[in-house]
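Below is one structure, written out as structure tokens; the observations come after it.
Residue numbers (the working numbering): 1036 to 1208.
Following this line, the structure appears as structure tokens:
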């Protein structure tokens, strides 16, 4: 099953995804897309590491997500990707619109053929006011389009608010 877990900052989405991965009772590979470029982000990464089981494998990949998924997806394995909006940010910061389109299309085209369990975590950023800056508006737009495309392809989509999951598509949790 492919799942998309979305929610706002500190909504409990990563914790829910980690629980679903644990409950799968499959070997888990955690795919981290963050690039801890400052102290605050390094602290967030450290908190996530402390919470994860030590026996989970870890792959850090900020850009080539589709490639990593193709190389690691397998029957009887769970891949947990945290998070898509950091991945999107990394691509936007490359300032290469073609690369963003290429990586996004690779992800969407690859998804249907991937075996095993895959859990995507992403920030829902489109519920607030329209941002003032051009790059921020582009980020919100790109995230919204990515979420729509993934939600169409995933068997389960869950919105997490205040630590509570609301199933939008598929079997309820």
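Cβ atoms here follow ideal geometry from the backbone N, Cα and C, with glycine treated the same way.
Only a predicted model underlies this, so the values are computations on that prediction, with no experimental measurement involved.
### Query
According to the neighbour-count rule (16 or more other Cβ atoms, all chains shown, within 10 Å of its Cβ), is residue 1058 buried or exposed?
Numbered from its first residue, the chain shown carries residue 1058 at position 23. It is exposed - the Cβ of residue 1058 has fewer than 16 other Cβ atoms within 10 Å.
### Message
Run through the DSSP bridge pairs and tell me what residue 1082 is partnered with.
### Response
Locating residue 1082 in the chain shown gives position 47, counting from the first residue. Answer by DSSP bridge pairing: none, since residue 1082 is not bridged.
### Task
Compute the Euclidean distance between the alpha carbons of residue 1165 and residue 1051, then round it to the nearest angstrom.
Here the question's residue 1165 lines up with position 130 in the chain shown. Here the question's residue 1051 lines up with position 16 in the chain shown. Their backbone Cα atoms lie some 28 Å apart in a straight line.
### Outcome for residue 1116 when other beta-carbon atoms lying within 10 angstroms are tallied against a minimum of 16
On the chain shown, residue 1116 is found 81 positions in, with the first residue counted as 1. Residue 1116 is buried by the Cβ-count criterion.
### Query
Alpha carbon to alpha carbon, what distance is there between residue 1133 and residue 1009?
It is not possible to answer for residue 1009, since the shown part of the chain is limited to 1036 through 1208.
### Query
Taking the runs of the beta strand (DSSP E) that are 3 residues or longer, which of them lie wholly in the segment 1049-1110?
1063-1067, 1092-1095
### Query
Do the segment 1063-1070 and the segment 1093-1103 meet, that is, are 3 or more Cβ pairs less than 8 Å apart?
The segment 1063-1070 vs the segment 1093-1103: in contact.
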